[in-house]
Structure formats: C-alpha cells, structure tokens
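Same order as they appear, the protein sequences are chains U, A, L and S. According to the working numbering, the first sequence is numbered sequentially starting from 159. According to the working numbering, the second sequence is numbered sequentially starting from 159. According to the working numbering, the third sequence is numbered sequentially starting from 159. According to the working numbering, the fourth sequence is numbered sequentially starting from 159. C-beta: ideal position from N, C-alpha, C; glycine also. What you are looking at is a predicted structure, and each value in this text was computed from that prediction instead of being measured. Okay, structure first, notes after.
Number of protein chains: 4
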Amino acid sequence: MPATQRPRSGNRRDEAARQAVLHAADDLLIEHGFGALTVEAIARRAGVAKQTIYRWWPSKVEILLDTLIEDSDKRLPVPVEKPTAKSIRAYLHGFAEFLIQDPAGKVFLALLAEAQHSPATAESLHKRYLGPRRDRECDMLAGAVAGGTMPPGQDLDVTLDALVGPLIYRALTGRETPRCLIDKCVDDLLDLRPQSEC
Amino acid sequence: MPATQRPRSGNRRDEAARQAVLHAADDLLIEHGFGALTVEAIARRAGVAKQTIYRWWPSKVEILLDTLIEDSDKRLPVPVEKPTAKSIRAYLHGFAEFLIQDPAGKVFLALLAEAQHSPATAESLHKRYLGPRRDRECDMLAGAVAGGTMPPGQDLDVTLDALVGPLIYRALTGRETPRCLIDKCVDDLLDLRPQSEC
Amino acid sequence: MPATQRPRSGNRRDEAARQAVLHAADDLLIEHGFGALTVEAIARRAGVAKQTIYRWWPSKVEILLDTLIEDSDKRLPVPVEKPTAKSIRAYLHGFAEFLIQDPAGKVFLALLAEAQHSPATAESLHKRYLGPRRDRECDMLAGAVAGGTMPPGQDLDVTLDALVGPLIYRALTGRETPRCLIDKCVDDLLDLRPQSEC
Amino acid sequence: MPATQRPRSGNRRDEAARQAVLHAADDLLIEHGFGALTVEAIARRAGVAKQTIYRWWPSKVEILLDTLIEDSDKRLPVPVEKPTAKSIRAYLHGFAEFLIQDPAGKVFLALLAEAQHSPATAESLHKRYLGPRRDRECDMLAGAVAGGTMPPGQDLDVTLDALVGPLIYRALTGRETPRCLIDKCVDDLLDLRPQSEC
DNA sequence: TTGTAAGCGAGACGGTACGTCCGGTCTTCAT
DNA sequence: ATGAAGACCGGACGTACCGTCTCGCTTACAA
C-alpha cells in the first residue's frame with residue numbers, strides 16, 4: 159500500500175502522490191474516524207513526505223474536499239437533464255443512501271461537522287461543494303417546474319432544505335432514513351403531478 | 159475573570175469550581191470557537207486545575223453536555239402540557255431561533271458536529287440529550303393527536319425529523335431559517351386543525 | 159537503557175529525568191558525534207518527552223554545559239591551594255590528557271566549536287565555564303607568585319593563553335600533545351624556581 | 159545582488175556560477191554566521207540552482223575550503239624565502255590579525271569548529287589546508303635555522319603549535335591577541351638571534 | 001548544419017529534526 | 001478527601017533544509 163515503486167516525477171506535480179494522499183485520507187477517515195485523520199498519518203499511509211501535503215493542500219480539510227468533489231459527482235449526480243417526478247424521488251433516495259453507505263457520504267458528514275468548528279472549513283465547504291451542488295439541485299427543480307411536473311411559485315432553495323434537511327439530520331444522528339420519510343416529504347412538499355408509479 | 163476570589167473548598171465537591179468550569183467552557187466556545195476549547199484553556203479560564211476537570215468530567219464534551227442540558231430546558235422547554243397548533247408552531251419557531259441566536263444553540267451544534275468525529279460523543283449526546291428531548295417532543299405530538307389537533311396514524315419520530323431536520327441543516331450551514339420554511343413544513347406535514355392565525 | 163522504571167515525580171522537578179538527559183547527551187556526543195546530538199535523539203535515548211527537555215534547558219548546548227561543569231571539576235580540579243611548580247606542571251599535563259581522553263574533554267571541544275557557530279553558545283560558554291575556570295587558573299598562578307615559585311610582573315591571563323592555547327589547538331586538530339611541548343612552554347614561559355624533578 | 163544577468167553557460171562549467179557560490183557562502187558566513195549557511199541559502203543568494211552546487215561540491219564545507227585556500231594565500235603568505243627574525247615575527251602578528259579581522263580568518267575558524275563535529279570535515283581541512291600550510295611554516299622555520307637566525311635542535315612542528323596555538327585559542331574565544339603575547343612567545347620559545355628592532 | 005551531450009535554473013520529492021502545543025496521568029502540598 | 005499546581009510521556013503541529021531527482025532550456029562541440 160505505501161506505493162513503493164512510484165516513479166519520481168521531477169519538476170512537475172506528482173499525480174501519483176496526489177492520488178496516494180487522497181486515497182490515504184479517505185481510507186483513514188473510514189477506518190479510524192476523523193480523530194485519526196492527522197496529516198502525519200496521511201503522509202505515513204500514502205508513503206509521502208509531510209511537506210508534499212503542505213505544498214499542495216492548506217489543510218486536511220481541503221484534502222477531504224478534493225476527494226468529496228471527485229467522488230460525489232460520480233456516485234450521486236444531480237439529474238438536471240429533463241428531471242421527472244421519478245428521477246427527483248430517486249435522487250433523494252440515492253442521497254439518503256449516499257450519506258449512510260458511501261465513503262464519500264461519510265466524508266461529507268465529517269466536513270459538515272468540521273465546518274461547525276472552523277469558519278475556514280465552513281467557507282470552503284460552501285464555496286467548493288455545497289454552493290455548486292445546491293445550484294444544480296435548484297436547476298433540477300426548476301427543470302421540473304418548467305416541464306410542468308411541479309407547480310411554480312415556491313422558493314426552490316427553501317424547498318430543497320425541507321427535503322434534504324431531514325436526510326442529513328438522520329445521517330448525522332446515525333439513523334437510517336426510512337423510505338416513508340422521503341416519500342412523505344416529496345408527496346407533501348413537492349406536489350408533483352405524474353407520480354403514479356414508485 | 160479567572161474567578162480569583164473563589165473560596166477554597168476543603169473536602170466536598172466545590173460547586174463554585176463546577177460553575178466556573180461550565181461557564182468557562184461555554185464562554186470559550188462562543189468567543190473563540192470549538193477549536194480553542196481545550197481542557198487546558200478551560201482550566202486556565204476557570205482558574206481551576208486540570209485535574210479538577212478530569213476528576214469530574216471524562217472529556218470536554220461532557221462539560222458542554224452539562225451546560226447544554228442545564229440551559230436548553232430553560233431556554234426552550236418542550237410544550238408537553240396540552241399542546242395546541244399554536245404552541246407546536248411556536249416551539250418550532252423558537253427552536254430555529256435557539257439554534258441561531260442562543261449560546262446553548264451553538265453548544266448543541268458543536269456537540270452534534272463533534273459526534274461525527276467521535277462515537278463516544280455520539281453516544282453521550284444521544285443518551286443524555288437527544289433521546290430524552292426527542293421523547294418529550296414525541297409526547298408533545300402525541301398530546302396533539304390525543305387532543306384532536308393532529309390526525310393520528312403517523313410515525314411521530316419520523317415526522318419530527320422531517321420538521322426539525324431542515325432547521326438544523328440551515329443552522330449547520332450558517333443560514334437563518336425563514337419563517338415560511340417552518341410554516342410550510344408544519345402546514346404540509348402536520349395537517350393541524352385549528353391553525354387560523356399565525 | 160531508556161530508564162523504563164523510573165518513578166514518576168509529581169509536582170517537583172524529576173531528578174532522575176535530569177540525570178537521564180545529561181547522560182544521554184553525553185553518550186550520544188561520544189558515540190555518534192555532535193551531528194547526531196539532536197534534541198529528539200536525546201529524548202529518545204533518555205526515555206523522556208521532548209517537552210521535558212525544553213522545559214528545563216533552552217538548547218542542547220546548555221545540556222552539554224551542565225554535563226561539562228559537573229564533570230570537569232571532578233576530573234580536572236584547578237590546584238588553587240598552595241600551588242607548586244610540580245602541581246602546576248601536573249595540571250597542564252592533566253589538561254592535555256583531559257582534552258584527548260576524557261569524555262568531558264570532548265564535550266568541551268564540541269562546545270568550543272559550537273561557540274564559533276553561535277554567539278549565544280559563545281556567551282554561555284564564557285559565562286558559565288571559561289570565565290570561572292580561568293579565574294581559578296589565575297588564582298593558581300597568583301598563588302605561585304605569592305609563594306615565590308614564579309617571578310612576578312607577568313600578565314597572568316595572557317600567560318595562561320600561552321600555556322593552554324597549544325594544548326587546545328593540538329586537541330582541536332586531533333593530535334596528542336607531546337610532553338615536551340608542555341615542558342618547553344612551562345620552562346620557557348613560566349620560569350619556575352624549583353623544578354628540579356619531573 | 160543575486161547576479162541576475164549572468165549569461166547562461168552551455169556545455170562547460172560556468173565560472174560565474176562558481177564565483178557566485180563562493181562569494182555567497184563567504185558573505186552568508188560573515189553576515190549571518192555558520193548557522194545560516196545552508197546550501198539552500200547559498201543557492202538562493204548566488205542565484206544558482208541547488209543542483210549546481212551539489213554537482214561541483216560534495217558539501218558546504220568544501221565550498222568554504224575553496225574560498226579559504228584562495229583567500230588565505232593572498233592575504234597571509236608564509237614567508238618561506240630567506241626568513242628573518244623580523245619576517246617571522248611579522249608573520250605571527252599578521253596571523254593574529256588575520257584570525258580576528260579577515261573574513262577568511264572567520265572562515266578558517268568556522269572550518270576548524272566544524273571539524274570537531276564532523277570527521278570528514280576534519281580530514282578535508284587537514285589534507286587541503288592545514289597540512290600544506292604547516293609544511294610551508296616548517297619550511298619557514300627550517301630556513302631560519304639554516305640561515306643561522308634560529309638555533310637548531312627543536313621539533314619545528316611542535317614549536318609551531320606553541321606559537322600558533324595561543325593565537326588561535328584567543329581568536330576562538332573571541333579575544334584579540336595582545337602584541338606582548340606574541341612577542342613573549344617568540345622571545346622565549348624561538349630564541350632568535352638578531353631581533354634588535356621591533 | 002545539425003545532433004547531442006552537458007550545464008544550468010527551477011522546483012517537487014521522501015526524509016529528519018525543529019520548537020510548540022495539547023491530551024491525559026500522576027504526585028505534592030495546602031485547605 | 002479535595003483541589004490547585006504543575007511535571008511528566010506521548011504525539012501532532014507546520015516549517016526549514018537535507019540530498020536526490022526530473023524537467024525544459026541553452027550552449028558548445030562533433031559529426
């Protein structure tokens with residue numbers, strides 16, 4: 159695992175070292191929790207010098223943000239193209255599962271937690287993750303309104319908090335989200351038109 | 159400020175020292191954030207020896223929990239006695255405000271955050287705060303059902319997550335909760351009977 | 159060797175830890191040279207936390223000075239009481255041997271060297287070691303003058319440099335000092351009266 | 159100062175870079191002491207890549223040795239041609255001044271010091287500087303003996319240590335050498351014949 | 001005339017040690 | 001017995017240099 163035979167890179171940034179750091183951070187968070195996520199431990203695990211980490215990341219939080227951004231778009235894309243009642247509901251179910259099951263979900267929760275302790279983390283998390291993602295989620299709902307799936311006249315941002323807040327709070331308190339919670343929220347708050355199936 | 163003239167205590171637990179520690183922890187959290195909340199700093203500020211802290215509290219988290227429990231019942235009691243549509247709605251509005259405005263709200267958010275990093279914190283937080291409080295909130299809704307204010311047949315625990323989750327998520331992300339969000343949730347999810355005013 | 163069963167000390171300075179540090183520093187200097195004499199290595203070898211070292215010594219130089227002062231008075235006392243031609247000559251022979259053979263001699267040379275690199279070391283070395291020792295050496299010569307062994311009228315400090323300088327320079331350049339060098343200097347520079355023997 | 163407009167060199171060793179390194183090392187030693195004399199600092203100051211230094215010098219000590227050898231023959235040549243009592247005495251006075259005043263004298267002291275910490279430095283210093291210079295100094299005294307200025311029958315190497323040791327020790331301990339010290343040593347140890355003047 | 005080989009500035013890399021900070025345990029002594 | 005004081009071991013922090021390496025450029029010599 160310590161990437162013994164990684165070729166030296168010379169003058170340019172060593173992509174292999176970057177990957178090793180991201181994976182080491184991810185793995186340590188999952189295996190031993192945020193408390194064990196020290197820069198020294200990441201360096202040790204990645205087989206990388208501490209300075210190599212400090213050269214490229216201002217803090218361990220930014221490392222986690224990098225992994226989160228890379229992973230979360232892969233595992234849980236926001237269905238912005240022609241969203242339907244079905245795809246929106248599926249997105250929320252996927253979101254609930256992502257938070258509980260996916261390593262990247264754990265990373266997100268850890269970052270959201272750390273943001274409470276450090277304003278710098280809060281700002282990074284918003285600028286680099288929450289903001290852009292929320293924009294796409296708004297686009298999703300706006301697409302649903304435009305397509306006639308959803309009635310207009312709601313503040314989409316607030317609506318999203320109402321939908322997503324419960325999922326996140328359940329995850330933060332270590333409890334799975336039952337499907338009925340999501341369905342209840344979707345049914346009561348979104349008032350989607352053709353939701354016959356699902 | 160470091161409680162200079164507190165009289166020495168002798169052989170019973172020193173209540174003044176206990177208060178000094180609780181206030182010091184509270185103040186440090188508010189003034190400098192969770193990052194500055196070290197046991198050494200608390201001891202310094204409270205004018206107390208480190209050992210006095212470790213003798214009575216297993217960790218700084220338990221100190222915060224003590225302050226949270228003491229404060230939150232005072233500032234935000236759960237209206238379990240004959241809850242009405244009005245009092246339930248007021249409770250949720252009060253909760254949103256508590257999270258943003260009240261020092262104890264900050265303590266709660268900090269503990270909820272810390273619980274993500276440490277399973278021991280998570281367990282304490284549930285056993286000593288979240289569990290009991292949630293029980294009383296369930297009683298509140300159960301009282302509303304019994305009084306005919308709310309229709310029966312819902313899982314009250316899940317319903318509470320749907321109501322409270324958005325408020326907490328807004329607070330965690332540093333945004334105030336608009337009244338319309340709460341009202342929308344209450345209206346759509348609770349289906350309360352006599353909600354004429356407000 | 160790492161002093162495993164040293165009893166914990168509590169409120170007062172731990173004398174065992176102090177000794178362990180001094181010995182570790184001494185040993186490391188002798189065994190691996192000044193280059194290997196890092197604070198981390200001393201701490202490791204002494205079985206002591208780094209902070210314990212920084213608490214009591216401002217730098218590794220002061221550690222060495224402590225060992226030097228303790229040792230050099232034991233191994234090479236200055237014969238201030240009724241010095242004779244014989245005892246003065248013996249002192250210089252002893253000094254030459256001290257520099258080459260004695261661990262404390264190595265410590266002295268290392269400190270004299272380090273003083274070239276750091277003004278702070280130079281000052282400490284003078285104030286705590288060279289100055290006091292030179293005072294006693296002057297007393298020695300002054301006693302010889304008073305006792306009629308040595309003619310008066312010389313600057314004793316300068317004379318001592320002429321006697322001691324060659325020994326130190328030989329030691330610094332890694333060459334033993336032949337007895338004839340010392341005898342030549344003593345005979346030519348000191349002009350001692352009853353030097354029949356030796 | 160960092161030699162901005164030095165032309166690139168191409169295929170052969172860049173003499174300008176060599177000079178820049180030597181001067182940078184010299185200047186840093188004088189201005190900020192041996193502690194600040196890191197390879198990185200030299201490279202920075204000389205406007206040269208670290209690798210250029212490592213390509214041509216095995217260590218910073220060899221850089222200093224290069225400057226020392228170049229400078230010390232210029233500033234303080236050994237009077238090997240027909241040495242007289244006057245020229246020998248002048249050489250020793252010049253040596254004392256060289257050690258205190260001349261930048262190259264500081265370099266010498268620094269190297270002599272560093273030699274205590276590192277055997278490799280000691281060896282280089284002897285082979286490249288101390289040995290050859292001592293040979294010429296022996297030649298000087300041998301010339302004096304041959305010319306009748308000095309009586310024969312002494313070990314010249316040992317005599318030189320007796321003459322030079324005090325000067326070096328004074329310099330190492332940061333004290334100027336009074337003229338009387340040198341004169342006393344020359345008079346008492348060398349027994350030069352025609353020393354009427356000076 | 002054009003490879004090609006070396007020197008060069010630049011700087012990333014794996015390491016080691018720095019000096020500081022805090023955590024949690026322990027002992028001493030005064031109350 | 002309690003509590004203030006504070007020494008202790010352990011270990012992470014972020015920084016500075018170490019000595020090695022690769023890159024892309026420039027230049028001089030050889031083919």
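Residue i touches chain S at which residues, Cβ-Cβ below 9 Å?
i	result
K218/L	Simply none; closest approach about 12 Å.
Pick from the options: whose alpha carbon is nearest that of residue i?
i	options	result
I340/L	I326/L, H181/L, G263/L	I326/L
L321/U	C296/U, A304/U, G332/U, A174/U	C296/U
I258/A	R328/A, G193/A, I246/A, H284/A	R328/A
L269/A	Y287/A, R203/A, M298/A	Y287/A
A178/U	P216/U, V206/U, N169/U	V206/U
E281/U	T279/A, V265/A, A280/A, G332/A	G332/A
R337/A	E334/U, L350/U, V316/U, G323/U	V316/U
G300/A	K285/A, L348/A, G323/A, S230/A	It is worth fixing the name first, because residue 300/A is Ala in this sequence and not Gly. That would be L348/A, whose Cα lies nearest to the Cα of A300/A.
G289/A	A248/A, P216/A, I227/A	I227/A
E220/U	D346/U, L318/U, F256/U, L283/U	L283/U
D229/U	W214/U, V265/U, A174/U	V265/U
N169/L	I188/A, Q209/A, A174/A, E173/A	Q209/A
A174/S	A204/S, R291/S, E189/S	A204/S
W214/S	K285/S, R176/S, F256/S	R176/S
T279/U	R233/U, P216/U, P237/U	P216/U
H275/S	L330/L, A304/L, D231/L	L330/L
L314/L	K342/S, M298/S, R291/S	K342/S
R324/U	M298/U, P237/U, E255/U	Before going on, a small fix: residue 324/U reads as Pro here, not Arg. Checked all of M298/U, P237/U, E255/U; the closest Cα to P324/U is E255/U.
Whole angstroms are fine: how far does the CA of residue j sit from the CA of residue i?
i	j	result
T225/U	Y212/U	16 Å
I200/A	P277/L	40 Å
I246/U	L186/U	33 Å
R202/U	A262/U	22 Å
G191/L	A182/S	28 Å
K218/L	E198/S	24 Å
T196/A	A273/S	47 Å
I344/L	T335/L	For clarity, residue 344/L is Val in the given sequence; the question names Ile instead. When rounded, the distance between both Cα atoms is 14 Å.
P235/A	Y249/A	8 Å
L180/U	D260/U	16 Å
D319/U	A302/A	26 Å
A271/S	A194/L	16 Å
L223/L	D184/L	10 Å
D346/U	F253/U	19 Å
L350/L	L267/L	29 Å
D293/L	Q312/L	16 Å
E189/A	R233/A	20 Å
M357/S	D172/S	With chain S covering only 159 through 356, there is no way to say anything about residue 357/S.
In chain A, which residues lie less than 9 Å from residue i when you measure between Cβ atoms?
i	result
P309/U	Within 9 Å Cβ-Cβ: nothing; P309/U doesn't reach chain A, min ~13 Å.
T331/U	L270, A273, A280, L283, H284, L288, D319
For a contact meaning CB atoms closer than 8 Å, what does residue i contact in chain L?
i	result
R328/S	D319, G323
If the cut is a Cβ gap below 8 Å, which residues of chain A does residue i touch?
i	result
L347/U	K342, C343, D346, L347
V316/U	P336, C338, L339, K342
request  = Check distances from the C-beta atoms of the segment 260–283 of chain S to those of chain L and list, in chain order, the residues that come in under 8 Å.
outcome  = L267, A268, L270, A271, E272, A273, Q274, H275, S276, P277, A280
query = How about the segment 304–316 of chain S and the segment 227–243 of chain S: do they share at least three Cβ pairs that are nearer than 8 Å?
reply = yes
ask   = Of the residues that make up the segment 190–222 of chain S, which ones have a beta carbon closer than 7 Å to any beta carbon in chain L?
value = G191, F192, G193
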